[in-house]
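Enquirer: In this text, residue positions in the sequence shown follow my numbering: the first is 9, and each later residue adds one.
Please read through the structure below; I'll follow up with questions.
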Amino acid sequence: MKTSLTALLVISLASSALGKIPQPLALRMDKVIEKARMRALTSEANTPWVVMHAVVAFERDIEVLDLKKKKKVNAIDYLTASAEFEGQLIYQDREGVPTLKTRGRGDKSFLVQDHVDQFLFAYADAGVSLDHEIISRSGRKFSVGDKLKHARKGFREDQELAWTLVALAHYVPFEEQWRADTGKKYDTEEVLRLAIQRDPRRETEGGPHHLYGVAYALRRYLDQGGKLSGTWRKAREYLDEYLAISRKHQQEDGAFSAGGFHRSLRPRTPRHLVSSTGHALEWMSLALTSEELGQDWVVKAIERLVTDMEKFPTEVFSDGGLYHAAHALRRIREATSGN
């Protein structure tokens, strides 16, 4: 019986020698993380979408210069109470539901929310409490919990799942069910089951966000004492498959393929490299254990990413690419600091 190439790569991945992040590299990681954090954010120059990405990277440790208030404010508080789009607060009150303008077909990107539940994902990933206040254009006050309630009620099986998965895994007990307004009941495991049936290459940006959602849910479940069986075991195998493909397509200098899971492709520019390798390391920061993050092939990718983040000013990189890369490095530092 022949063993597939992917299966061999999974075996190779599992048997790779474990290691540590070298201390000199860890210090370099800290410096480029801080370099990204120090990039100025203002209400005039940066859209709510950009600020949301800064929150993903730095959680409560980032501020925005709010020109209306003439002072710096915490980025999370800015998004939930002060951020504006086209002269109005970003949160709308639609028949008692706190809603955000979400990009549709033909709409411009990078303005407010490009994906369903993207802001809710950012709040969950940053550990924002469910009672955190949201102020809408009407003056009515909501909470992050209200956003979660309506995300569950409006859940559709054909929507993007990554952002919702992170929110569910963070805020909702795994044994808890809810009923969507379609009449169907769900729990987090069922949403995960739907996610791992999808080809990540067909998801946003070729799959890294989709895999982050799967990895986040699995990590939260296992950290709470969950057993690796059924859907959860299949999720682990799903992640392992794409870890193996990533390693197969990894470039000689350590960068991950700019072709994602489709083919091996060298990034053309520093901007491209930081985005592609940063996005890959972001989901790997949760898909790999702290010991596995110290494997040579992972360390090589980290070093390649850090080198370009050191060498070039932050303006060279895309907003999303920079902040997802910084998020990846922060996650890895947090996971490996005790090694």
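A virtual CB, placed ideally from N, CA and C, is assigned to each residue, including glycine.
Look up residue 275 in the DSSP assignment and say whether it is helix, strand or coil.
Expert: Correct three-state label for residue 275: coil.
Enquirer: Take residue 9 and list the residues in its own chain whose beta-carbon comes closer than 7 Å to its own, dropping the five residues that flank it on each side.
Expert: Residue placement at residue 9 is flagged as unreliable, the pLDDT there being 33, under the threshold of 50; the coordinate-derived value follows with that caveat. Counting only Cβ-Cβ distances below 7 Å, and skipping sequence neighbours, we find nothing.
Enquirer: Tell me which same chain residues have a C-beta within less than 7 Å of the C-beta of residue 200, skipping the five on either side of it?
Expert: Cβ within range, chain order: 173, 222, 225, 239, 243.
Enquirer: Helix, strand or coil for residue 39, going by three-state DSSP, please let me know.
Expert: Helix.
Enquirer: Might you give, ordered along the chain, the residues of its own chain that have their beta carbon closer than 7 Å to the beta carbon of residue 179, omitting 5 neighbours on each side?
Expert: Excluding residues within five positions, the ones whose Cβ falls inside 7 Å are 132, 138, 156.
Enquirer: Pair every Cβ in the stretch 311 to 321 with every Cβ in the stretch 35 to 46, then say whether three or more of these pairs are closer than 8 Å.
Expert: Yes, the stretch 311 to 321 touches the stretch 35 to 46.
Enquirer: Assign residue 194 to one of three DSSP states: helix, strand, or coil.
Expert: Note: residue 194 maps to strand in three-state DSSP.
Enquirer: Could you give the DSSP three-state label for residue 294: helix, strand or coil?
Expert: Residue 294 falls in the helix class under three-state DSSP.
Enquirer: What are the start and end residues of each continuous beta strand (DSSP E) run of 3 or more residues lying completely inside the stretch 186 to 272, in chain order?
Expert: DSSP runs (the beta strand (DSSP E)) wholly in the stretch 186 to 272: none.
Enquirer: If you drop the 5 nearest sequence neighbours on each side, which residues of the same chain put their C-beta closer than 7 Å to that of residue 213?
Expert: Correct list, in chain order: 287.
Enquirer: Mind listing, in chain order, the continuous alpha helix (DSSP H) runs of no fewer than 4 residues lying wholly within the stretch 76 to 113?
Expert: Those alpha helix (DSSP H) runs which fall completely within the stretch 76 to 113 and span 4+ residues are 83 to 89.
Enquirer: Please classify residue 128 as buried or exposed, where buried requires at least 16 neighbouring CB atoms within 10 angstroms.
Expert: By the neighbour-count rule (16 or more Cβ atoms within 10 Å), residue 128 is buried.
Enquirer: Whose C-alpha, out of 208, 321, 105, is nearest the C-alpha of residue 143?
Expert: Per the Cα distances, 105.
Enquirer: Tell me the DSSP bridge mates of residue 150?
Expert: Note: residue 150 sits in a beta bridge opposite 142.
Enquirer: With distances taken from CA atoms, which of 120, 82, 250 is nearest residue 218?
Expert: Comparing Cα positions, the closest option is 250.
Enquirer: Give me the Cβ distance between residue 64 and residue 50, rounded to the nearest whole Å; I'm assuming they're in contact under 8 Å.
Expert: Rounded, the Cβ-Cβ distance is 18 Å, inconsistent with contact.
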